[in-house]
Amino acid sequence: MAKPPPPRDPAQDAPRVAPPARAAAGLPAIGHTLRMAAEQMSPGRVLSTLRKVNQPDGFDCPGCAWPEPDRPHLAEFCENGAKAVAEEATERRITPAFFAEHPVADLAGRSGYWLGQQGRLTAPMLLDEGATHYVPIGWDDAFALVAEELAALDSPDGAAFYTSGRTSNEAAFAYQLFARRLGTNNLPDCSNMCHESSGSALTETLGVGKGSVSLKDLYQADLIIVAGQNPGTNHPRMLSALERAKRAGARIVSVNPLPEAGLERFKNPQTPRGLVGGGTRLTDLFLQIRLGGDLALFRALNHLLLTTPGAVDGAFVAEHCAGYDEFAAEAAELDRDAVLRATGLPWEQIEQLHGLVLGAQKVIVCWAMGLTQHKHSVPTIREVVNFLLLRGNVGRPGAGVCPVRGHSNVQGDRTMGIFERPSAAFLDALGREFAFEPPRAHGHDTVDTIRAMRDGRVKVFFAMGGNFVSASPDTDATEAAMRNCRLTVHVSTKLNRSHVVTGARALILPTLGRTDRDVTAAGPQFVSVEDSMGVVHSSRGGLRPPAPGLLSEVAIVTRLARAVLGPQDPTPWEEFALDYDRIRERIARVVPGFDDYNAKVRRPGGFALPHAPRDSRTFPTATGKANFTVNPLTAPDVPAGRLLLQTLRSHDQYNTTVYGLDDRYRGITGGRRIVLVNPADAAELGLADGQYVDLVSEWTDGSERRAPHFRVVHYPVARGGAAAYYPETNVLVPLDSTADISNTPTSKSVVVRLEAA
Numbered sequence: 001m002a003k004p005p006p007p008r009d010p011a012q013d014a015p016r017v018a019p020p021a022r023a024a025a026g027l028p029a030i031g032h033t034l035r036m037a038a039e040q041m042s043p044g045r046v047l048s049t050l051r052k053v054n055q056p057d058g059f060d061c062p063g064c065a066w067p068e069p070d071r072p073h074l075a076e077f078c079e080n081g082a083k084a085v086a087e088e089a090t091e092r093r094i095t096p097a098f099f100a101e102h103p104v105a106d107l108a109g110r111s112g113y114w115l116g117q118q119g120r121l122t123a124p125m126l127l128d129e130g131a132t133h134y135v136p137i138g139w140d141d142a143f144a145l146v147a148e149e150l151a152a153l154d155s156p157d158g159a160a161f162y163t164s165g166r167t168s169n170e171a172a173f174a175y176q177l178f179a180r181r182l183g184t185n186n187l188p189d190c191s192n193m194c195h196e197s198s199g200s201a202l203t204e205t206l207g208v209g210k211g212s213v214s215l216k217d218l219y220q221a222d223l224i225i226v227a228g229q230n231p232g233t234n235h236p237r238m239l240s241a242l243e244r245a246k247r248a249g250a251r252i253v254s255v256n257p258l259p260e261a262g263l264e265r266f267k268n269p270q271t272p273r274g275l276v277g278g279g280t281r282l283t284d285l286f287l288q289i290r291l292g293g294d295l296a297l298f299r300a301l302n303h304l305l306l307t308t309p310g311a312v313d314g315a316f317v318a319e320h321c322a323g324y325d326e327f328a329a330e331a332a333e334l335d336r337d338a339v340l341r342a343t344g345l346p347w348e349q350i351e352q353l354h355g356l357v358l359g360a361q362k363v364i365v366c367w368a369m370g371l372t373q374h375k376h377s378v379p380t381i382r383e384v385v386n387f388l389l390l391r392g393n394v395g396r397p398g399a400g401v402c403p404v405r406g407h408s409n410v411q412g413d414r415t416m417g418i419f420e421r422p423s424a425a426f427l428d429a430l431g432r433e434f435a436f437e438p439p440r441a442h443g444h445d446t447v448d449t450i451r452a453m454r455d456g457r458v459k460v461f462f463a464m465g466g467n468f469v470s471a472s473p474d475t476d477a478t479e480a481a482m483r484n485c486r487l488t489v490h491v492s493t494k495l496n497r498s499h500v501v502t503g504a505r506a507l508i509l510p511t512l513g514r515t516d517r518d519v520t521a522a523g524p525q526f527v528s529v530e531d532s533m534g535v536v537h538s539s540r541g542g543l544r545p546p547a548p549g550l551l552s553e554v555a556i557v558t559r560l561a562r563a564v565l566g567p568q569d570p571t572p573w574e575e576f577a578l579d580y581d582r583i584r585e586r587i588a589r590v591v592p593g594f595d596d597y598n599a600k601v602r603r604p605g606g607f608a609l610p611h612a613p614r615d616s617r618t619f620p621t622a623t624g625k626a627n628f629t630v631n632p633l634t635a636p637d638v639p640a641g642r643l644l645l646q647t648l649r650s651h652d653q654y655n656t657t658v659y660g661l662d663d664r665y666r667g668i669t670g671g672r673r674i675v676l677v678n679p680a681d682a683a684e685l686g687l688a689d690g691q692y693v694d695l696v697s698e699w700t701d702g703s704e705r706r707a708p709h710f711r712v713v714h715y716p717v718a719r720g721g722a723a724a725y726y727p728e729t730n731v732l733v734p735l736d737s738t739a740d741i742s743n744t745p746t747s748k749s750v751v752v753r754l755e756a757a
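Going letter by letter, the sequence shown gives residues 1 to 757 in UniProt numbering.
As structure tokens, then:
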């Protein structure tokens with residue numbers, strides 16, 4: 001009998017195109033949320049799960065890191081948060097029978113969307129060397145296998161331990177402790193690929209690599225500049241905060257190469273005005289900037305402030321800042337033509353923004369990947385800090401820096417020590433607490449880990465969550481590097497591409513999710529997370545785990561540590577696994593700001609970590625003050641006949657997880673292989689709307705990378721730019737194309753040509 005054809009993969013369908021939306025959320029968001037939740041869960045499960053999202057007695061949304069207000073709404077979640085919850089709380093299951101039916105070669109040919117739709121993982125699985133299928137393996141045998149491979153390494157630095165933002169504080173602290181007890185600082189994480197540029201710039205200029213504002217500050221601001229960020233898709237609950245700020249009198253300026261529906265108009269689905277009315281117009285001024293032109297914009301603003309009598313807060317600068325004279329001398333000169341070329345903006349719009357700044361006493365600048373993933377990202381963010389310092393907009397209520405983190409607890413993981421370049425103070429405290437000498441040599445970040453795997457210097461790759469293969473740049477190089485490993489291990493809740501691009505041997509270790517109940521012999525456990533504004537709070541799942549015997553991330557780390565380090569290691573790993581309070585006690589003695597952790601995290605709403613620039617206008621920098629910096633005006637150099645591509649998310653997507661095949665706000669349905677091009681650029685290049693092209697990236701060494709068969713969509717993108725979804729276009733980002741200082745992949749600055757398919 002002939003074998004039946006494989007199930008259809010809808011991600012291979014051709015996309016359909018309609019005009020983009022002019023408003024976000026409203027009734028369509030509610031309908032879409034309920035439909036997608038119903039596809040994954042029964043009605044009772046939908047109700048019982050969603051009512052616990054972001055509640056003091058519930059669990060933290062596994063989506064973005066936007067903070068909860070002091071008094072959460074009964075439905076304190078957004079459309080994309082509900083999708084993330086539904087994907088995790090799904091009633092679909094992947095059992096060993098699934099892997100028996102599907103060889104790895106078959107799974108490797110599926111889209112990430114298809115893989116993610118198969119359900120929750122339920123059993124540890126092993127792909128042995130030379131095998132075609134994953135097979136079940138017991139937990140003890142799995143840990144023993146990892147121990148065997150680690151023991152065979154010439155050095156602990158032959159292993160890398162990656163972390164995704166969804167990992168809890170408790171699991172992250174135990175994980176980095178294990179890696180350092182083993183003897184390595186190879187702790188790459190997803191921050192390396194997103195806000196590393198923010199951390200680098202803010203640590204140098206303000207002394208703290210995090211944002212300085214709270215939700216209360218947003219509500220009090222006079223002017224909010226949202227640059228390089230699309231909150232309507234990536235941080236939808238931020239729109240509620242912007243709406244509240246707008247109604248309190250704030251002006252909002254959007255700086256983006258694409259018009260975004262959420263920043264244009266917000267129909268709050270939790271208010272009558274949002275459901276049946278016209279919603280709230282958010283943006284007062286839209287600056288459609290060219291890709292990579294943000295440094296030039298803020299440089300121009302700073303020039304205008306310096307040349308406007310009375311615009312600079314001289315008292316703040318004199319008391320709290322260093323480097324002003326050098327900065328002012330450089331910024332006093334401005335090549336206006338260079339600014340206009342880099343930004344693509346009329347000078348009148350820049351002057352209009354300048355006028356809004358002069359009329360505001362309290363200014364906040366928010367940003368995300370649109371500022372952090374360019375070669376000159378760190379100088380750009382330093383120039384943003386210069387802008388805020390000039391008028392004293394740091395350490396003032398209603399003002400400050402607001403880098404918006406993209407993944408729940410990505411900031412908390414870094415606070416817990418997930419960092420390849422830890423400070424001496426952190427290592428000293430860790431060593432004192434656990435009576436050992438931590439390794440001091442810097443480890444590998446994400447890009448350097450890929451290089452090390454490629455070169456055979458890293459042979460064991462262990463991932464705590466995430467989808468490393470799909471999240472990383474230069475997909476072909478990343479996949480080849482992974483296949484060069486002796487062992488790849490992924491602790492996961494769902495199937496993804498990283499499970500089918502493997503080393504010689506591979507393990508999948510299924511784990512509890514945020515929505516799942518976590519009970520040990522000591523009783524019910526909870527974990528904690530840190531949001532994008534430095535507030536730490538608890539998270540408690542309530543659903544029955546998808547399978548008996550499933551382990552939490554904490555249990556996996558602690559059991560692995562014991563198996564690898566042996567019975568002689570004095571760390572009380574068994575106590576940590578039994579009672580997470582024991583981990584928090586140790587965190588309180590190692591990490592500043594976490595004193596009395598167990599008590600404070602049990603308070604409704606949690607507690608805010610200290611932030612010296614915000615709390616006392618003190619700056620723990622090398623100079624002891626906030627640092628002005630000199631940042632020469634630069635912009636991407638794009639040859640004639642080429643476009644500058646930015647990778648971005650669709651609305652049915654969170655990071656590399658694709659929930660569906662629509663991008664409702666941009667008018668794209670039923671497919672993902674599209675490239676958005678300005679109609680004028682398309683005309684010059686001879687590209688018809690609906691034509692299919694290959695995207696070919698060009699790099700300075702003469703190498704090329706190709707992403708085939710993308711539909712051209714004429715779209716109001718800023719001239720000279722183009723946009724397409726990742727992870728499909730990560731293949732175009734050269735591994736060596738990274739931001740200066742931060743080493744972040746330049747996924748928003750890819751020079752491409754479009755060839756007829």
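The beta-carbon is built from N, C-alpha and C at its ideal position, and this holds for glycine as well.
Pick from the options that is closest to residue i, judged by C-alpha positions
| i | options | result |
| --- | --- | --- |
| A722 | R251, P745 and V638 | V638 |
| E129 | V750, L487 and L550 | L487 |
| N631 | T380, G274, P43 and R22 | T380 |
| residue 829 | L609, R584 and K748 | Since the first residue shown for the chain is 1 and the last is 757, residue 829 is missing from the structure and cannot be characterised. |
| S164 | P43, L648 and N192 | N192 |
| P236 | F316, D222, G262 and K216 | G262 |
| R559 | L509, G593 and L215 | L509 |
| A739 | P546, P397 and G370 | G370 |
| P397 | R93, Y175, L223 and A29 | L223 |
| N80 | H133, L388 and H651 | H651 |
| N256 | K625, K210 and G344 | G344 |
Other residues of its chain near residue i: CB distance less than 6 Å, five sequence neighbours each side excluded
| i | result |
| --- | --- |
| L258 | V717 |
| V385 | T205 |
| G694 | Note on residue identity: the sequence assigns Asp, not Gly, to residue 694. Contacts found: R706, P708, E755 and A757. |
| P56 | P604 |
Close Cβ partners of residue i (< 8 Å) along its chain, the five nearest in sequence each way excluded
| i | result |
| --- | --- |
| Q349 | L285 and L287 |
| R247 | T280 |
| F526 | D518, S538, S539, R540 and Y580 |
Residue range of the unbroken beta strand (DSSP E) whose run includes residue i
| i | result |
| --- | --- |
| P403 | G400 to P403 |
| F161 | A159 to T163 |
| D694 | Y692 to E698 |
| Y580 | Not the beta strand (DSSP E): Y580 falls in the alpha helix (DSSP H), residues Y580 to V590. |
| T647 | L643 to L648 |
| T741 | According to the sequence displayed, residue 741 carries Ile and not Thr. From DSSP, I741 is part of no beta strand (DSSP E); its letter is neither H nor E. |
| P632 | Unbroken run through P632: none, as it is neither H nor E. |
| K267 | R265 to K267 |
| I30 | Premise fails: I30 lies in the alpha helix (DSSP H), L27 to Q40, not in any beta strand (DSSP E). |
Which residues DSSP lists as bridging residue i, in chain order
| i | result |
| --- | --- |
| C78 | None, per the DSSP bridge assignment. |
| Y654 | T657 |
| H490 | A463 and I508 |
| R673 | DSSP lists no partner for R673. |
| W367 | A227 and P403 |
| V213 | Per DSSP, none; premise fails for V213. |
| G534 | G534 is not bridged to any residue. |
| H714 | V677 |
| V255 | A227 and L287 |
Residue-chain proximity (residue i, chain C), Cβ-Cβ < 9 Å
| i | result |
| --- | --- |
| D448 | Within the model displayed, chain C is absent; a lone protein chain is all it includes. |
Sequence-distant residues of its chain with Cβ nearer than 7 Å to residue i (five each side left out)
| i | result |
| --- | --- |
| E420 | N185, N186, L187, P188, H442, G443, H444 and D445 |
| residue 767 | Since the first residue of the chain shown is 1 and the last is 757, residue 767 is not available in this structure. |
Host alpha helix (DSSP H) of residue i (start-end)
| i | result |
| --- | --- |
| I450 | T446 to R454 |
| G721 | G721 -> not in any alpha helix (DSSP H); beta strand (DSSP E) instead, spanning G721 to Y725. |
| A148 | Residue 148 is actually Glu in this sequence, not Ala. That run of the alpha helix (DSSP H) goes W139 to A151. |
| I381 | S377 to L390 |
Presumed contact (8 Å Cβ cut-off) between residue i and residue j, rounded CB distance
| i | j | result |
| --- | --- | --- |
| G292 | L644 | 7 Å |
| G228 | S470 | Not really, about 22 Å apart at Cβ, beyond 8 Å. |
| N678 | V529 | 40 Å between Cβ atoms; not a contact. |
| A322 | F607 | Incorrect: roughly 31 Å between the Cβ atoms, too far for contact. |
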